Ligand SMILES: Cc1ncc(COP(=O)(O)O)c(C=O)c1O
């Protein structure tokens, strides 16, 4: 497409972000890995109390950082808060990688990674997942060159749902240079039930080149308020803070996140329910004959291959809006319990109507 102004060609070629389809009122929107639960009353109260909109918010999110620092047993300087973990990702990429530099990540993984790397002017190096949908950390370590400035590890991986084990992660950290920034994207950490899965926050002290990203969008159900955070060495976080657009985290977001931490056990009961439902849905899909990778986030992955668009259409016909990634597969969020029968029925129909 031609534009009236001169643009960076790689940006002109970059498709703008496309949100998961909005669902009609009688359909279930299972396309954006959102939390189906309404906000806790305490969160609504906190939002009602955060009405000072004529003033800028606290630029350093000091109260929220203090609460997170207490939760993880780190200093407040070892916590950095951003407007969603996706904005933190961009900050770290910009801080570490310039034109000519490479960013290594698994593929398929979170769909935002390629665009963020391009925006920073750096080059993506995508390392294919193993057949079971999990990261090939040995190949990722082997893909690191002189030009590599950052590696993103996503566990649980969006969209395949698989985790990286602590053992494999430690082997990977030992294999890569210790001055290479490794970002462990744990947007779905709270849903993990596999005891072998890596738990990044316990490792940052041992690895000063490791930064862990988490978010209030998923388990805490605050997606609209845009609050994510990073844990890592303060000097590394300072580099991200230097690239950040100041004042992006709103007072409302900070207040809701704080209230959520105060009522964390109640929220984690909900998370447990979602994780249990996830295991039931995955098992039912496996019983139907689907090859569903081990699912540790709030979503499952169906490898629908070339039939992805057709399969997404069948789900839509059953009132289930999924996220298709043609020609690989479909990601389905674990949402309202009342969506499950429709979801499983649609999945069964897909198997009957296609060669899957
Ligand atoms: C793997 C992963 N990382 C980061 C994010 C960004 O989340 P947020 O910017 O809402 O914190 C998402 C959202 O879908 C995700 O799937």
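Residue numbers (the UniProt record's numbering): 1 to 356.
Built from N, CA and C at the ideal position, the CB exists for glycine as well.
Predicted, not measured: the structure shown is a model, and the values here were computed from it.
Please look up how many angstroms separate the CB atoms of residue i and residue j, rounded, as I've assumed it's under 8 Å.
i: residue 162; j: residue 134; result: 4 Å
i: residue 267; j: residue 67; result: Their Cβ separation, rounded to whole angstroms, is 14 Å, which puts residue 267 and residue 67 out of contact at 8 Å.
i: residue 243; j: residue 95; result: 5 Å
i: residue 249; j: residue 53; result: That belief does not hold up - the Cβ atoms of residue 249 and residue 53 are roughly 14 Å apart, past 8 Å.
i: residue 218; j: residue 187; result: 6 Å
i: residue 50; j: residue 255; result: 4 Å
i: residue 191; j: residue 245; result: The pair is not a contact, with the Cβ atoms about 29 Å apart (cut-off 8 Å).
i: residue 204; j: residue 232; result: 5 Å
i: residue 328; j: residue 303; result: 7 Å
i: residue 315; j: residue 108; result: Actually they do not touch by this definition, with Cβ atoms about 19 Å apart.
Would you check whether ligand 1 has a heavy atom nearer than 7 Å to the C-beta of residue i?
i: residue 248; result: no
i: residue 85; result: yes
i: residue 215; result: yes
i: residue 110; result: yes
i: residue 35; result: no
i: residue 199; result: no
i: residue 298; result: no
i: residue 129; result: no
i: residue 253; result: no
i: residue 223; result: yes
i: residue 228; result: yes
i: residue 187; result: yes
i: residue 158; result: yes
Which same chain residues end up closer than 8 Å to residue i when comparing Cβ atoms and leaving out the 5 residues on each side of it in sequence?
i: residue 371; result: With the chain represented from 1 up to 356, any question about residue 371 goes unanswered, as that position is not in the structure.
i: residue 37; result: 221, 270
i: residue 320; result: 27, 28, 30, 332, 339, 342, 343, 346
i: residue 75; result: 69, 234
i: residue 307; result: 350, 354, 355, 356
Consider the Cβ of residue i: report whether some Cβ of chain C lies at a distance smaller than 8 Å.
i: residue 116; result: In the structure shown, chain C does not exist; there is a single protein chain.
Near residue i, what residues of its chain come up, given a Cβ to Cβ distance below 6 Å and the 5 sequence neighbours on each side ignored?
i: residue 92; result: 183, 240
i: residue 371; result: Missing from the structure shown is residue 371; the chain here goes from 1 to 356 and no further.
i: residue 278; result: 295, 334
i: residue 105; result: 113, 152
i: residue 125; result: 102, 104, 143
i: residue 207; result: 173
i: residue 10; result: 118
Figure out for me which residue from the options has the closest Cα to the Cα of residue i.
i: residue 65; options: 228, 3, 154; result: 228
i: residue 196; options: 59, 164, 304, 124; result: 164
i: residue 143; options: 355, 308, 177, 3; result: 177
i: residue 189; options: 173, 214, 169; result: 214
i: residue 132; options: 138, 160, 148, 11; result: 160
i: residue 358; options: 84, 121, 254; result: Outside the modelled stretch of the chain, which goes from 1 to 356, sits residue 358, for which no answer is possible.
i: residue 110; options: 24, 32, 72; result: 32
i: residue 83; options: 226, 123, 71; result: 226
i: residue 211; options: 85, 13, 23; result: 85
i: residue 43; options: 224, 318, 324, 300; result: 224
i: residue 123; options: 247, 145, 257, 130; result: 145
Below 7 Å CB to CB, which residues in the same chain sit around residue i once its five sequence neighbours on both sides are set aside?
i: residue 310; result: 354
i: residue 116; result: 89, 90, 93
i: residue 39; result: 221
Is it a yes or a no for the stretch 141-158 touching the stretch 169-187, going by three-plus beta-carbon pairs under 8 Å? yes
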